[in-house]
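For the numbering used here, count along the first sequence from 1 and bump the result up by 3. Backbone N, C-alpha and C fix where the C-beta goes; we use that ideal spot for every residue, glycine too. Values in this document were obtained by computation on a predicted structure and should not be read as measured data. This report concerns only the one structure given below.
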Amino acid sequence: MSREPQKLDSGFYDRKDVVKIARELLGKILVTRRDGIRCSGRIVETEAYAGINDRASHAFGGRRTTRSEHLYGPPATAYVYICYGTHPLFNVITNKKDVPHGVLIRALEPIDGVDQMLIRTGKPIADFTLTKGPGNLSRALGISKLDSGGSLFSDEIFIEDDGLRYKKIQVGITKRIGVESAREDAELPYRFIVKGNPYVSARKS
DNA sequence: CGACCGATCGTCT
DNA sequence: GACGATCGGTCGA
4 MSREPQKLDS GFYDRKDVVK IARELLGKIL VTRRDGIRCS GRIVETEAYA GINDRASHAF
64 GGRRTTRSEH LYGPPATAYV YICYGTHPLF NVITNKKDVP HGVLIRALEP IDGVDQMLIR
124 TGKPIADFTL TKGPGNLSRA LGISKLDSGG SLFSDEIFIE DDGLRYKKIQ VGITKRIGVE
184 SAREDAELPY RFIVKGNPYV SARKS
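Right under this line is the structure:
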């Protein structure tokens, strides 16, 4: 089932179906290495943002601004933007340069570096809120807006595959969180979760 | 330059 | 389940 972790290569990111990639990112391991300390967690919740035709995307209608510039970057770029003034949200860019496809990482199950995550978040103990929700996981792993535009082939932030695969029955598919203003696109089944995982954000589907 | 809003979170009920 | 904090980004004037 499990093997030595390998960094995902360009063949994973440069595909056209961002919804499929969002599904396949479940079970992969997001890693940051900062100050010689490795922090990592298994991805258990994702959302796809499908480019200029997706009303929930920052790139809807071809909009391209200072904030969303890195959404248009080459595959395996990190796109990090600030939400509600304080929360960095981490996205994986896919497809090809100038095609603004991204996958928002919404929750992790911690693996390495929990002590460092506690320091970064200021939490006294490692409860499920440590890496539940996109803002929380960014803080725990030390991801900030400064990371936006960086490559996921770097040694600072990257994604690994250790061979773990979730079965179809373990995966839940729902509409996305917090995108009510996207009208009909708010109903798209673009959110993927590991059923029953305590780190998945508990929200109404 | 000012007004508005948000891919959230924590707290309170 | 509801609500307010909080501030960067965006857009209009």
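What is the DSSP secondary structure of residue i, counted as helix, strand or coil?
| i | result |
| --- | --- |
| A79 | coil |
| S154 | strand |
| I128 | coil |
| P137 | helix |
| I146 | coil |
| S208 | Model confidence at S208 stands at a pLDDT of 44, short of 50, so the residue's coordinates are unreliable; what they give is reported in the following sentence. Looking at S208 - three-state DSSP - the assignment turns out to be coil, as it is neither helix nor strand. |
| K10 | strand |
| H61 | coil |
Let's see if you can read the secondary structure: which residues bound the beta strand (DSSP E) around residue i?
| i | result |
| --- | --- |
| P113 | 104 to 113 |
| G44 | 40 to 53 |
| E163 | 160 to 164 |
| T97 | 90 to 97 |
| I196 | 194 to 197 |
| G175 | 174 to 177 |
Tell me where the alpha helix (DSSP H) around residue i begins and ends.
| i | result |
| --- | --- |
| A118 | It should be noted that the sequence gives Asp, not Ala, for residue 118. Segment 117 to 124, the alpha helix (DSSP H) holding D118. |
Would residue i pass as a contact of residue j if the rule is Cβ separation under 8 Å?
| i | j | result |
| --- | --- | --- |
| L74 | P103 | yes |
| G3 | T80 | The chain is shown only over 4 to 208; residue 3 falls outside these bounds and no answer can be derived. |
| G116 | Y82 | no |
Quiz prompt | Cβ contact (3+ pairs, closer than 8 Å) linking the stretch 131 to 145 and the stretch 60 to 73 | solution = Contact between the stretch 131 to 145 and the stretch 60 to 73 is absent, because fewer than three Cβ pairs lie under 8 Å.
Quiz prompt | contact_flag[the stretch 64 to 77, the stretch 28 to 45] where n(CB pairs < 8 Å) is 3 or more | solution = Result no; under three Cβ-Cβ pairs closer than 8 Å.
Quiz item: Does the pairing of the stretch 170 to 178 with the stretch 86 to 99 give three or more beta-carbon distances under 8 Å?
Solution: They do not touch, by the three-pair rule.
Practice problem: Kindly provide the ranges of any beta strand (DSSP E) runs that are 3 or more residues long and lie completely inside the stretch 12 to 39, ordered along the chain. | Solution: Listed in chain order, the complete beta strand (DSSP E) runs (minimum 3 residues) inside the stretch 12 to 39 are 32 to 37.
Practice problem: Inspect the CB distances between the stretch 5 to 24 and the stretch 85 to 92 and report whether three or more fall short of 8 Å. | Solution: As far as the Cβ criterion goes, the stretch 5 to 24 does not touch the stretch 85 to 92, which means the pair count is below three.
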